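J.: Quick one: the structure is below, questions incoming.
Structural data, given as structure tokens:
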């Protein structure tokens with residue numbers, strides 16, 4: 149059910165989001181400290197407020213769940229329930245249901261929530277037939293509706309004072325004491341007064357307010373002031389490009405000032421020429437006085453006056469333009485700083501989403517983990533916070549899935565049974581840094597090398613030359629996974645590449661560090677703001693290009709003798725370390741045009757001079773770009789490319805320079821990749837032959853229908869398939885020829901898939917054979933049994949995805 153009123157819908161979206169987040173945090177804290185009474189009271193207040201709000205908006209499903217939720221917490225307040233994990237788990241599930249229903253109320257998208265099932269899980273003690281704060285809302289309404297003047301009724305910490313006649317009160321359908329639809333927020337002062345709130349109280353002994361004609365006390369509206377307003381983030385997003393354009397206009401004005409200075413320079417030269425001419429004319433006039441000479445001298449004198457006035461006007465325009473430029477620079481700077489500060493949000497806005505996620509993921513994996521957050525107050529741009537949600541989510545999932553060990557493993561290694569994940573944010577002079585650190589098993593560098601060779605990401609020679617940081621960075625490659633067990637939800641190399649893609653989109657950097665047995669650290673360096681970009685403008689082939697300054701590590705001059713070949717790359721030595729360099733004109737494929745414009749006769753002279761080398765870096769990767777000229781360093785507004793041009797290599801967008809020229813902004817990440825691809829890397833002959841060989845798969849499946857379907861899928865993907873009707877048949881067939889993988893069902897007669905897998909793993913010959921279990925058994929316990937048996941991958945038939953299956957098979961073989 150979608151809320152029809154636009155204003156109420158927007159208010160509900162904001163308020164319910166805050167309440168649900170507060171409930172999430174509160175339940176997590178109560179799980180750690182169930183005897184924390186103040187916290188329990190606060191959580192109870194939040195659910196009570198939410199219940200009142202959804203009742204007012206006529207959202208019965210949310211009201212029913214919130215009411216039962218409130219009742220469970222009420223029982224805990226009375227000491228009838230102890231908030232153990234078994235009690236809290238259904239509350240968490242109810243909270244998820246409330247979140248889905250709230251989304252439905254805002255968007256109209258069906259929530260797919262079965263309310264009776266949610267309610268059935270929220271079990272109450274047999275001694276709690278009513279609501280936690282006494283009678284149920286209907287009973288409370290009856291009681292309040294018949295209350296006598298002066299009687300007080302307490303509901304969720306709100307004091308209700310009856311000041312009118314009972315009959316008058318019963319005629320108030322909204323805002324009256326009998327109405328529980330306003331449990332939070334401003335209340336009509338005639339009926340509700342906070343116990344600690346300001347203002348006179350209408351009671352038998354307190355001072356009475358003056359009644360109005362309607363029998364209600366007069367309200368004091370003096371000093372009315374709106375302290376805050378809600379502004380749509382879309383409006384702020386729309387302002388940022390305009391502020392950026394203002395900065396461009398400021399730069400253009402600076403160029404206009406330069407043009408004025410040049411004009412004044414020309415005027416001064418003309419003025420000197422005219423003075424010389426005046427002196428010559430005066431000399432002629434002294435020697436020959438006649439009418440023509442006098443006329444020329446008078447005419448020249450008039451011109452000189454006009455010329456002097458022109459000079460004064462030019463000088464005045466210059467002064468005013470300088471003043472306007474300074475004023476514009478100040479206003480633009482203050483406006484930009486102001487809007488940026490409005491867009492800045494604390495990182496805690498994002499960090500609050502993850503404690504519940506860590507709890508649920510760890511429990512689902514049979515592990516114990518806690519999340520520690522530091523630097524929640526660190527400010528960052530709204531868009532930065534939005535864009536790094538998915539990367540952080542995948543990093544946390546990876547830490548729990550692959551980093552944190554099981555409690556028994558940790559205990560055996562001398563670690564606490566509960567793993568620790570630390571999420572920290574802090575700000576440097578120009579960056580926001582987000583670190584995710586775990587105390588798990590760390591990254592197995594040998595496993596990384598093995599996977600890189602198997603997936604042909606790098607050759608053995610390249611791996612030997614790489615530093616540990618460069619090797620760790622390989623796990624960010626799409627499809628790369630060191631997991632020895634693949635399921636339909638984990639280990640398929642999907643996840644950390646999302647981190648890399650999103651961070652690159654934000655023009656940020658990612659670094660990975662790890663110590664075997666002690667844990668790993670992922671460090672994201674992100675821009676504080678996304679509105680403008682500092683860029684280095686360079687000239688290549690007669691055109692200007694901008695390189696984002698955050699990727700520029702150094703600039704130096706390089707002469708031709710400094711460049712030497714090394715492993716197929718042009719190389720220089722920088723800080724005693726070889727550095728590959730590439731001519732930007734070649735990288736952008738402008739060489740042919742460049743040569744046609746400059747002419748072949750200019751080539752020797754071009755090579756004889758030193759050229760500028762711009763060193764760009766991202767993580768552990770770096771390359772030197774040889775350019776023709778360093779033009780300027782500017783603050784630019786990055787304009788995205790048209791949809792038709794978004795796939796153009798090495799281009800991030802465009803900008804307009806102060807001169808009015810359109811300047812292409814280069815994508816540093818793309819330049820690094822393009823530079824790597826230029827290196828000659830001839831594949832080995834053995835690898836070529838291996839690719840051409842048809843892979844042979846042994847498939848064990850007792851169902852004829854499934855066996856036929858799987859055979860068609862595999863053969864359609866280019867595999868040769870040998871079928872076995874059960875595990876025993878597969879045991880007999882596997883020695884007959886070399887197989888590249890085994891695909892097997894679990895539930896089979898004679899010998900099931902788990903037993904088949906165990907027996908093969910006992911034979912050293914089949915220790916590395918990829919074994920994929922394809923089965924209808926889909927619980928976490930079934931997956932654990934598959935892992936313990938020695939399976940390489942576990943794919944469930946109910947969620948069978950042909951692409952996932954074939955991708956998994958290709959990766960393993």
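Residue numbers (the working numbering): 149 to 961. Positions of the beta carbon are idealized from the N, C-alpha and C atoms, including for glycine. In this text, all values refer to a predicted model and were calculated from it rather than measured experimentally.
(1) Who are the near neighbours of residue 916 in its chain, counting only those whose CB is closer than 7 Å to its CB and skipping five residues on each side?
(2) Quick one, which of 842, 237, 251 has its alpha-carbon nearest residue 270's?
(3) State the DSSP-derived secondary structure class of residue 769, mapped to helix, strand or coil.
(4) Label residue 798 either buried or exposed according to how many other C-beta atoms from any shown protein chain fall within 10 Å of its C-beta, with 16 as the threshold for buried.
(5) On a Cα-Cα basis, can you pick out the residue from 183, 197, 489 that is closest to residue 229?
(6) For residue 542, report the span of its alpha helix (DSSP H) as first-last.
(7) Taking just the CA atoms, how far does residue 598 sit from residue 961?
(8) For residue 669, report the span of its beta strand (DSSP E) as first-last.
(9) Take every Cβ of the stretch 606-620, pair it with every Cβ of the stretch 688-696, and state whether three or more of those distances are shorter than 8 Å.
(10) Round the Cβ separation of residue 538 and residue 491 to the nearest angstrom and send it over; I've been treating them as touching at under 8 Å.
(11) Between the alpha carbons of residue 871 and residue 929, how many angstroms are there, rounded?
(12) So, residue 901 versus residue 876, is the Cβ gap smaller than 8 Å?
(13) Evaluate residue 447 with the Cβ neighbour count: other Cβ atoms within 10 Å of its Cβ, from every protein chain shown; 16 or more gives buried, anything less gives exposed.
(14) What are the boundary residues of the beta strand (DSSP E) that includes residue 849?
(15) In terms of alpha-carbon separation, which member of 664, 543, 409, 927 lies closest to residue 616?
(16) Quick one: is residue 417 buried, meaning 16 or more other Cβ sit within 10 Å of its Cβ, or exposed?
(17) In the DSSP assignment, what residue or residues form a beta bridge with residue 685?
(18) Which same chain residues end up closer than 6 Å to residue 955 when comparing Cβ atoms and leaving out the 5 residues on each side of it in sequence?
(19) Entirely within the stretch 559-623 and at least 4 residues each: give me those alpha helix (DSSP H) ranges in chain order.
(20) Determine the contact status of residue 676 and residue 578, defining contact as a CB-CB distance below 8 Å.
(21) Please name the residue or residues paired with residue 868 in a DSSP beta bridge.
(22) Counting along the chain, where does the alpha helix (DSSP H) carrying residue 492 start and finish?
(23) Beta-carbon within less than 6 Å of residue 805's beta-carbon, same chain only, minus the 5 sequence neighbours each way: which residues are those?
(24) Going along the chain, which residues of its own chain have a beta-carbon closer than 6 Å to the beta-carbon of residue 525, five neighbours each way excluded?
(25) Return the chain-ordered list of same chain residues with a C-beta closer than 7 Å to the C-beta of residue 572, the five sequence neighbours on each side being excluded.
(26) Examine the Cβ distances between the stretch 884-898 and the stretch 842-852 and report whether three or more of them are shorter than 8 Å.
(27) Helix or strand or just coil, what does DSSP make of residue 814?
(28) If you drop the 5 nearest sequence neighbours on each side, which residues of the same chain put their C-beta closer than 6 Å to that of residue 342?
(29) Given this structure, state the Cα-to-Cα distance separating residue 769 from residue 728, to the nearest angstrom.
(30) With DSSP as the reference, label residue 822 as helix, strand or coil.
(31) Can you list, in chain order, the residues of its chain with a C-beta nearer than 7 Å to that of residue 652? Leave out the 5 residues immediately preceding and following it.
(32) Among the candidates 593, 934, 682, 476, whose CA atom is the shortest distance from the CA of residue 904?
(33) What do you reckon, is the C-beta of residue 784 under 7 Å from a heavy atom of the ligand GDP?
(34) Alpha carbon to alpha carbon, what distance is there between residue 841 and residue 862?
(35) I need the DSSP call for residue 923, collapsed to helix, strand or coil.
(36) Can you tell me whether DSSP reads residue 516 as helix, strand or coil?
T.: Well, looking at it:
(1) Sequence index remark: in the chain shown, residue 916 carries index 768 (1-based). Its chain contains no residue whose beta carbon lies nearer than 7 Å to that of residue 916 once the 5 sequence neighbours on both sides are disregarded.
(2) For the purposes of this step, residue 270 is taken as the residue at position 122 of the chain shown. Nearest C-alpha to residue 270: 237.
(3) Position 621 of the chain shown, counted from the first residue, corresponds to residue 769. In this structure, residue 769 counts as strand in the three-state DSSP scheme.
(4) What you label residue 798 is simply residue 650 of the chain shown in a count that begins at 1. Looking at its Cβ environment, which holds 16 or more other Cβ atoms inside 10 Å, residue 798 is buried.
(5) The residue labelled residue 229 in the question sits at position 81 within the chain shown. Nearest to residue 229 by alpha-carbon distance, out of 183, 197, 489, is 183.
(6) Indexing the chain shown from 1 puts residue 542 at position 394. Segment 537-546, the alpha helix (DSSP H) holding residue 542.
(7) For the purposes of this step, residue 961 is taken as residue 813 along the chain shown, with counting starting at 1. For the purposes of this step, residue 598 is taken as residue 450 along the chain shown, with counting starting at 1. About 13 Å.
(8) One-based indexing of the chain shown puts residue 669 at position 521. For residue 669, the enclosing beta strand (DSSP E) stretches over residues 667-675.
(9) No, the stretch 606-620 is not in contact with the stretch 688-696.
(10) As a position in the chain shown, residue 538 is number 390, starting the count at 1. As a position in the chain shown, residue 491 is number 343, starting the count at 1. Contact flag wrong, Cβ pair sits at about 20 Å.
(11) To locate residue 871, count along the chain shown from 1; it is residue 723. To locate residue 929, count along the chain shown from 1; it is residue 781. Those two C-alpha atoms are separated by around 28 Å.
(12) The count along the chain shown starts at 1 and reaches residue 901 at position 753. The count along the chain shown starts at 1 and reaches residue 876 at position 728. It is not a contact, given that the beta carbons lie outside the stated cut-off.
(13) By 1-based counting over the chain shown, the position of residue 447 is 299. Counting of Cβ neighbours within 10 angstroms places residue 447 among the exposed residues, the total staying below 16.
(14) Translated into the one-based positions of the chain shown, residue 849 becomes position 701. Where residue 849 is concerned, there is no enclosing beta strand (DSSP E), given that its DSSP letter is neither H nor E.
(15) Mapped onto the chain shown, residue 616 falls at position 468. Closest in alpha carbon position to residue 616, among 664, 543, 409, 927, is 664.
(16) Looking up residue 417 in the chain shown gives position 269. It counts as exposed.
(17) For the purposes of this step, residue 685 is identified with residue 537 of the chain shown, where counting begins at 1. Note: residue 685 sits in a beta bridge opposite 694, 780.
(18) Against the chain shown, residue 955 aligns to sequence position 807. Scanning its chain for C-beta atoms nearer than 6 Å, with the 5 sequence neighbours on each side dropped, one finds no residue around residue 955.
(19) Qualifying alpha helix (DSSP H) stretches, in chain order: 593-602, 608-613, 616-620.
(20) The count along the chain shown starts at 1 and reaches residue 676 at position 528. The count along the chain shown starts at 1 and reaches residue 578 at position 430. With respect to residue 578, residue 676 sits close: the two C-beta atoms are nearer than 8 Å.
(21) The residue labelled residue 868 in the question sits at position 720 within the chain shown. DSSP lists 844 as partners of residue 868.
(22) Residue mapping note: residue 492 aligns to position 344 of the chain shown, counting from 1. Premise fails: residue 492 lies in the beta strand (DSSP E), 492-494, not in any alpha helix (DSSP H).
(23) Mapped onto the chain shown, residue 805 falls at position 657. Taken in chain order, the residues that qualify are 811.
(24) The residue you call residue 525 lines up with position 377 of the chain shown. The residues are 494.
(25) Working through the chain shown from its first residue, we reach residue 572 at position 424. Counting only Cβ-Cβ distances below 7 Å, and skipping sequence neighbours, we find 522, 523, 583.
(26) Taking one beta carbon from each stretch, the stretch 884-898 and the stretch 842-852 have 3 or more pairs nearer than 8 Å; the two touch.
(27) Counting from 1 along the chain shown, the entry for residue 814 is found at position 666. Looking at residue 814 - three-state DSSP - the assignment turns out to be strand.
(28) Your numbering for residue 342 matches position 194 in the chain shown. With a pLDDT of only 32 at residue 342, under the threshold of 50, the placement of this residue in the model should not be trusted; the figure read from the coordinates follows. Counting only Cβ-Cβ distances below 6 Å, and skipping sequence neighbours, we find nothing.
(29) The residue labelled residue 769 in the question sits at position 621 within the chain shown. The residue labelled residue 728 in the question sits at position 580 within the chain shown. Rounded to the nearest angstrom, the gap between the Cα atoms of residue 769 and residue 728 is 10 Å.
(30) Counting from one through the chain shown, the residue named residue 822 turns up at place 674. Helix.
(31) In the chain shown, residue 652 corresponds to position 504, counting from 1. Excluding positions up to five away in sequence, the list reads 817.
(32) Translated into positions along the chain shown, residue 904 becomes position 756. For the residues 593, 934, 682, 476, the minimum Cα distance to residue 904 belongs to 934.
(33) With respect to the ligand GDP, the structure offers nothing, as it holds no ligand at all.
(34) Along the chain shown, one-based indexing puts residue 862 at 714. Along the chain shown, one-based indexing puts residue 841 at 693. Taking the Cα positions, residue 862 is about 15 Å away from residue 841.
(35) By 1-based counting over the chain shown, the position of residue 923 is 775. DSSP places residue 923 in the strand class (E or B) of the three-state scheme.
(36) As a working mapping, residue 516 is identified with position 368 in the chain shown. If DSSP states are grouped into helix, strand and coil, residue 516 belongs with coil.
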